[in-house]
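Order-wise, the sequence lines are chains A and B.
Heads up: the first sequence at position 71 corresponds to 73 in this note's numbering, and the numbers run straight through without jumps.
Heads up: the second sequence at position 234 corresponds to 236 in this note's numbering, and the numbers run straight through without jumps.
Think of the CB as a built atom: it goes at the ideal place given N, C-alpha and C, for glycine as much as any other residue.
What you are looking at is a predicted structure, and each value in this text was computed from that prediction instead of being measured.
Protein chains: 2
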Amino acid sequence: MKVISNSVSMQKLMFQTKLSKKSIGFVPTMGALHEGHLSLIRKARKENDIVVVSIFVNPTQFGPKEDLKKYPRPWKQDKKLCEFLHVDYIFKPEAKRFYEEPYLTYVNVEKITNILCGKSRPTHFRGVTTVVTKLFNIVQPNNAYFGQKDYQQSLVIRTMVRNLNMPVRIKVMPIIREKDGLALSSRNQYLSEEERSRALSLYQTLLYGKKLYLEGLTNPKSLRLRMYRFLQRSIDKKKDKIDYLEIRDALTLEIAKEHHAKIVIAMAVFIGKTRLIDNILLG
Amino acid sequence: MKVISNSVSMQKLMFQTKLSKKSIGFVPTMGALHEGHLSLIRKARKENDIVVVSIFVNPTQFGPKEDLKKYPRPWKQDKKLCEFLHVDYIFKPEAKRFYEEPYLTYVNVEKITNILCGKSRPTHFRGVTTVVTKLFNIVQPNNAYFGQKDYQQSLVIRTMVRNLNMPVRIKVMPIIREKDGLALSSRNQYLSEEERSRALSLYQTLLYGKKLYLEGLTNPKSLRLRMYRFLQRSIDKKKDKIDYLEIRDALTLEIAKEHHAKIVIAMAVFIGKTRLIDNILLG
Numbered sequence: 003m004k005v006i007s008n009s010v011s012m013q014k015l016m017f018q019t020k021l022s023k024k025s026i027g028f029v030p031t032m033g034a035l036h037e038g039h040l041s042l043i044r045k046a047r048k049e050n051d052i053v054v055v056s057i058f059v060n061p062t063q064f065g066p067k068e069d070l071k072k073y074p075r076p077w078k079q080d081k082k083l084c085e086f087l088h089v090d091y092i093f094k095p096e097a098k099r100f101y102e103e104p105y106l107t108y109v110n111v112e113k114i115t116n117i118l119c120g121k122s123r124p125t126h127f128r129g130v131t132t133v134v135t136k137l138f139n140i141v142q143p144n145n146a147y148f149g150q151k152d153y154q155q156s157l158v159i160r161t162m163v164r165n166l167n168m169p170v171r172i173k174v175m176p177i178i179r180e181k182d183g184l185a186l187s188s189r190n191q192y193l194s195e196e197e198r199s200r201a202l203s204l205y206q207t208l209l210y211g212k213k214l215y216l217e218g219l220t221n222p223k224s225l226r227l228r229m230y231r232f233l234q235r236s237i238d239k240k241k242d243k244i245d246y247l248e249i250r251d252a253l254t255l256e257i258a259k260e261h262h263a264k265i266v267i268a269m270a271v272f273i274g275k276t277r278l279i280d281n282i283l284l285g
Numbered sequence: 003m004k005v006i007s008n009s010v011s012m013q014k015l016m017f018q019t020k021l022s023k024k025s026i027g028f029v030p031t032m033g034a035l036h037e038g039h040l041s042l043i044r045k046a047r048k049e050n051d052i053v054v055v056s057i058f059v060n061p062t063q064f065g066p067k068e069d070l071k072k073y074p075r076p077w078k079q080d081k082k083l084c085e086f087l088h089v090d091y092i093f094k095p096e097a098k099r100f101y102e103e104p105y106l107t108y109v110n111v112e113k114i115t116n117i118l119c120g121k122s123r124p125t126h127f128r129g130v131t132t133v134v135t136k137l138f139n140i141v142q143p144n145n146a147y148f149g150q151k152d153y154q155q156s157l158v159i160r161t162m163v164r165n166l167n168m169p170v171r172i173k174v175m176p177i178i179r180e181k182d183g184l185a186l187s188s189r190n191q192y193l194s195e196e197e198r199s200r201a202l203s204l205y206q207t208l209l210y211g212k213k214l215y216l217e218g219l220t221n222p223k224s225l226r227l228r229m230y231r232f233l234q235r236s237i238d239k240k241k242d243k244i245d246y247l248e249i250r251d252a253l254t255l256e257i258a259k260e261h262h263a264k265i266v267i268a269m270a271v272f273i274g275k276t277r278l279i280d281n282i283l284l285g
């Protein structure tokens, strides 16, 4: 396994890899790898000749008051995990050189980035689409792997790739959870023991919603209300805060109407100061 | 020579071309080819194994009151010219399929797109950078050729390519002029005989500025003022209108200060209803 930090070297190397007719599977990450990431890497390993993992805590997708500085960076552990899973290349650029001045160019997906997570994090998705475009241009992958936990992100990226004719196939893999249901996230390590236990309310609310839905409560408004109340009861009103809980069309992210073929129930909740997200697909 | 209109077919074909280790030279155009375009195609022919010309009157780079509908589309003539210059592929997409709904994604270069032509055409450069990104992703060229006549455009594209790590080399070729100095443009054919003669004032003003500059008048403010007055006297005040005449740093497009190493003098003038642009590099 090789670790490469220079964008030009990486791009040249990947170009040669392509010319040698090897397929490239790419897993873009911010490091602090957990089983969720590893499931993407394993899938990439199965489906491609060459596997590239990028590790880059991308500053442009963090808001000014967010956790850029304290975001975990366990480099040695990440490297070991990649080695263990037979990754071929880690691409690990430096932020300063990666956004070389004058930096003026952004990729923007409209409409579906202004809702859900985009509403409380207004520049987040612009940061994501811009960094993913840069990484795709450098790594030139045949296949790129994303987690369903960031459901809105996966739709935003699919839209960008389709709209801009990017020559890459996007694959979205299921959410990986702890045994008790908590969706894996690099941010879970911010949680105190008490918060960790309250964090279970996200998945429990989703399970409650699923149960209601399967019992026949398919009207999105009523379903959302029942779930919202359930969630409110499960968290600590003084310490936690619901950012959103919404039921939307799973393909367009429009607000779901009665009898939608496929819906996503998505939520973001601050447990203490830690913002957690989760979602479930139904129908 | 093959004409291809389907983006997916074109992308697959270009991918195979790349795998066969052939270099791809790309000339993106809106058709109505003139000697300016042909100089780019000839250069591409010299420097690459495969030459691709795209012909696409891109709707997203026209403002709502601009000349999208009447823009010339002499397809048979364009095709002949490409054949004559041994172009390998013409890529000629249909607008409706090229921007397939829901179309939500735009590439935006900030700052240097809000001045000069970007000031009077506020969505123009966003349309250009978005279509060029799409075309680059489809054609996957090693080299892409642009004309210096659209000087600001060439800087915007260079910035985009560098910022987004696009794997393509941008080459900018000199302005081609009629014998009397008029810069070639597909829009010149809108001009009546009288307008055609007044249109010479653009280049004559540039030549006048160059003369003053070489005589030692290098202060941008004074130089601009002298040129502006010269231009005002050369056009018909009742029928024509100066959009801008500016002297800027040739690399950053910042307003030029005294003793700038390299400057660009750029202008846009409406001769009748036809908006013409021209520029010159000095220093």
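Open item on the list: For the stretch 106–125 of chain B, list every residue whose C-beta sits within 8 angstroms of some C-beta in chain A, in sequence order.
Closed with: Leu106, Thr107, Tyr108, Val109, Asn110, Val111, Glu112, Lys113 and Ile114
Open item on the list: Residues of the stretch 26–37 of chain B in Cβ contact with chain D at a cutoff of 8 angstroms, in chain order, please.
Closed with: Absent here is chain D; the protein component of the structure consists of chains A and B.
TODO: Could you please give me the residues that DSSP links to glutamate 248 (chain A) through a beta bridge?
DONE: As a working mapping, residue 248 (chain A) is identified with position 246 in the first sequence. Note: glutamate 248 (chain A) sits in a beta bridge opposite A:Ala268.
TODO: Consult DSSP for asparagine 139 (chain B) and reduce its assignment to one of helix, strand or coil.
DONE: Here residue 139 (chain B) is taken as the residue at index 137 of the second sequence, counted from 1. Note: asparagine 139 (chain B) maps to helix in three-state DSSP.
- [ ] Measure the alpha-carbon distance for asparagine 110 (chain B) versus isoleucine 140 (chain A) and round it to whole angstroms.
- [x] For the purposes of this step, residue 110 (chain B) is taken as residue 108 along the second sequence, with counting starting at 1. For the purposes of this step, residue 140 (chain A) is taken as residue 138 along the first sequence, with counting starting at 1. Computed Cα separation, rounded: 19 angstroms.
TODO: Pull up the distance between the alpha-carbon of phenylalanine 93 (chain B) and that of proline 30 (chain B), whole angstroms please.
DONE: Mapped onto the second sequence, residue 93 (chain B) falls at position 91. Mapped onto the second sequence, residue 30 (chain B) falls at position 28. So the two alpha carbons sit approximately 9 angstroms from each other.
TODO: Flag this pair as yes or no: are the beta carbons of aspartate 280 (chain A) and tyrosine 205 (chain A) separated by less than 7 angstroms?
DONE: Residue numbering aside, residue 280 (chain A) sits at position 278 when the first sequence is read from its first letter. Residue numbering aside, residue 205 (chain A) sits at position 203 when the first sequence is read from its first letter. Closer than 7 angstroms, so yes.
- [ ] Report the neighbours of leucine 61 (chain A) on chain B: residues whose CB is nearer than 7 angstroms to its CB, in chain order.
- [x] As a first step, residue 61 (chain A) is located in the first sequence; it is residue number 59 there, counting from the start. Sequence check: residue 61 (chain A) is proline here, not leucine. What proline 61 (chain A) touches in chain B: nothing, since even the nearest Cβ is about 15 angstroms away.
Task: Residues near aspartate 245 (chain A) in its chain [Cβ-Cβ closer than 7 angstroms; skip 5 each side] - done: By 1-based counting over the first sequence, the position of residue 245 (chain A) is 243. So the list reads Ser122, Ala270, Val271, Phe272 and Arg277, once near-sequence residues are dropped.
Task: Supposed close pair isoleucine 57 (chain A), aspartate 80 (chain A) - CB separation, criterion 8 angstroms - done: To locate residue 57 (chain A), count along the first sequence from 1; it is residue 55. To locate residue 80 (chain A), count along the first sequence from 1; it is residue 78. Taking C-beta atoms under 8 angstroms as the contact rule, isoleucine 57 (chain A) and aspartate 80 (chain A) qualify, at a distance of about 6 angstroms.
Open item on the list: Using C-beta distances below 6 angstroms, list every residue in its chain close to valine 133 (chain B), excluding the 5 sequence neighbours before and after it, in chain order.
Closed with: The residue given as residue 133 (chain B) occupies position 131 in the second sequence. Within the same chain, Asn60 come within 6 angstroms of valine 133 (chain B) by CB-CB distance, once the 5 residues on both sides are set aside.
Task: isoleucine 267 (chain A) versus serine 188 (chain B) - alpha carbon distance - done: Taking the first sequence and counting its residues from 1, one reaches residue 267 (chain A) at position 265. Taking the second sequence and counting its residues from 1, one reaches residue 188 (chain B) at position 186. Roughly 52 angstroms separates the two Cα atoms.
Task: Buried or exposed (CB count within 10 angstroms, at least 16 for buried), phenylalanine 148 (chain A) - done: Locating residue 148 (chain A) in the first sequence gives position 146, where the first residue counts as 1. Buried is the call here.
Task: Backbone CA spacing between leucine 106 (chain B) and tyrosine 215 (chain A) [nearest angstrom] - done: Translated into the one-based positions of the second sequence, residue 106 (chain B) becomes position 104. Translated into the one-based positions of the first sequence, residue 215 (chain A) becomes position 213. Approximately 32 angstroms between the Cα atoms of the pair.
Open item on the list: So, for asparagine 50 (chain B): in the same chain, excluding its five sequence neighbours on each side, which residues have a beta-carbon less than 7 angstroms away from its beta-carbon?
Closed with: Residue numbering aside, residue 50 (chain B) sits at position 48 when the second sequence is read from its first letter. Only Ser25, Ile26, Gly27, Asn144 and Asn145 meet the Cβ criterion.
- [ ] Might you give, ordered along the chain, the residues of its own chain that have their beta carbon closer than 8 angstroms to the beta carbon of alanine 34 (chain A), omitting 5 neighbours on each side?
- [x] As a working mapping, residue 34 (chain A) is identified with position 32 in the first sequence. Correct list, in chain order: Tyr73, Pro74, Arg75, Pro76, Asp80, Ser188 and Gln191.
Open item on the list: I'd like to check one pair, leucine 193 (chain A) with alanine 185 (chain A): are the Cβ atoms closer than 7 angstroms?
Closed with: The count along the first sequence starts at 1 and reaches residue 185 (chain A) at position 183. The count along the first sequence starts at 1 and reaches residue 193 (chain A) at position 191. Their beta carbons are not under 7 angstroms apart, which means alanine 185 (chain A) does not touch leucine 193 (chain A) by this criterion.
- [ ] Using alpha carbons as the reference points, say which of B:His126, B:Lys259, B:Thr131 and B:Leu227 lies closest to proline 66 (chain B).
- [x] On the second sequence, residue 66 (chain B) is found 64 positions in, with the first residue counted as 1. The shortest C-alpha separation from proline 66 (chain B) is found at B:His126.
Open item on the list: For threonine 131 (chain A), tell me which candidate among A:Leu118, A:Gln63 and A:Lys264 has the shortest Cα-Cα distance.
Closed with: Stepping through the first sequence from its first residue, residue 131 (chain A) is reached at position 129. Taking the Cα of threonine 131 (chain A) as reference, the smallest distance to any Cα among A:Leu118, A:Gln63 and A:Lys264 is reached at A:Gln63.
Task: Assigned exposure category for phenylalanine 287 (chain A) - 16 Cβ within 10 Å defines buried - done: Residue 287 (chain A) falls outside the range modelled here, since chain A spans only 3 to 285, and no answer is possible.
Task: Reduced DSSP category for aspartate 182 (chain A) - H, G, I as helix; E, B as strand; rest coil - done: The sequence position of residue 182 (chain A) within the first sequence is 180, counting from 1. Three-state result, aspartate 182 (chain A): coil.
Open item on the list: List, in chain order, every chain A residue whose beta-carbon is nearer than 8 angstroms to that of phenylalanine 17 (chain B).
Closed with: The residue you call residue 17 (chain B) lines up with position 15 of the second sequence. Within 8 angstroms Cβ-Cβ: Pro169.
- [ ] Kindly indicate if chain B contains any beta-carbon less than 7 angstroms away from that of serine 7 (chain A).
- [x] On the first sequence, residue 7 (chain A) is found 5 positions in, with the first residue counted as 1. Judged by the 7 angstroms Cβ criterion, serine 7 (chain A) is not in contact with chain B.
Open item on the list: Within 7 angstroms of any Cβ in chain A, is that where the Cβ of leucine 40 (chain B) sits?
Closed with: Indexing the second sequence from 1 puts residue 40 (chain B) at position 38. False, the Cβ-Cβ gap to chain A never drops below 7 angstroms.
- [ ] State the DSSP-derived secondary structure class of aspartate 90 (chain A), mapped to helix, strand or coil.
- [x] Residue numbering aside, residue 90 (chain A) sits at position 88 when the first sequence is read from its first letter. Of the three classes helix, strand and coil, the one that applies to aspartate 90 (chain A) here is coil, per DSSP.
TODO: For leucine 166 (chain A), decide whether its Cβ has a neighbour in chain B, counting only Cβ atoms nearer than 7 angstroms.
DONE: Translated into the one-based positions of the first sequence, residue 166 (chain A) becomes position 164. Yes, its Cβ sits closer than 7 angstroms to a Cβ of chain B.
- [ ] Below 9 angstroms between beta carbons is the criterion; list the residues of the stretch 139–152 of chain A that meet it against any residue of chain B, in chain order.
- [x] Within the stretch 139–152 of chain A, those residues whose Cβ lies closer than 9 angstroms to any Cβ of chain B are, in chain order, Asn139, Ile140 and Gln142.
- [ ] Please classify proline 124 (chain B): does DSSP put it in a helix, a strand, or coil?
- [x] Reading the second sequence from its first residue, position 122 is the one you call residue 124 (chain B). Coil.
Open item on the list: Using a Cβ distance threshold of 8 angstroms, determine whether the stretch 229–243 of chain A contacts the stretch 165–177 of chain A, with at least three qualifying pairs required.
Closed with: No, the stretch 229–243 of chain A is not in contact with the stretch 165–177 of chain A.
- [ ] Taking C-beta pairs closer than 7 angstroms, name the residues in chain A that methionine 162 (chain B) reaches, listed in chain order.
- [x] Looking up residue 162 (chain B) in the second sequence gives position 160. Ordered by position in chain A, the residues that pass the 7 angstroms Cβ test against methionine 162 (chain B) are Thr107.
TODO: Identify which residue in B:Tyr101, B:Ser7, B:Leu247 and B:Val53 has its Cα closest to the Cα of glycine 211 (chain B).
DONE: Within the second sequence, numbered from 1, the residue matching residue 211 (chain B) stands at position 209. For the residues B:Tyr101, B:Ser7, B:Leu247 and B:Val53, the minimum Cα distance to glycine 211 (chain B) belongs to B:Leu247.
Task: Closer than 7 angstroms at the beta carbon, the chain A residues around threonine 135 (chain B) - done: Counting from 1 along the second sequence, the entry for residue 135 (chain B) is found at position 133. Going along chain A in sequence order, the residues near threonine 135 (chain B) (Cβ under 7 angstroms) are Leu166.
Open item on the list: Under DSSP, the beta strand (DSSP E) around valine 174 (chain A) begins and ends at which residues?
Closed with: Translated into the one-based positions of the first sequence, residue 174 (chain A) becomes position 172. 171–175 is the extent of the beta strand (DSSP E) around valine 174 (chain A).
Task: Span separating the alpha-carbon of glutamate 217 (chain A) from that of isoleucine 265 (chain A) - done: Within the first sequence, numbered from 1, the residue matching residue 217 (chain A) stands at position 215. Within the first sequence, numbered from 1, the residue matching residue 265 (chain A) stands at position 263. Roughly 16 angstroms separates the two Cα atoms.
Open item on the list: I need the straight-line Cα distance from asparagine 8 (chain A) to leucine 233 (chain A), nearest angstrom please.
Closed with: The residue you call residue 8 (chain A) lines up with position 6 of the first sequence. The residue you call residue 233 (chain A) lines up with position 231 of the first sequence. Each residue's Cα considered, the two are about 46 angstroms apart.
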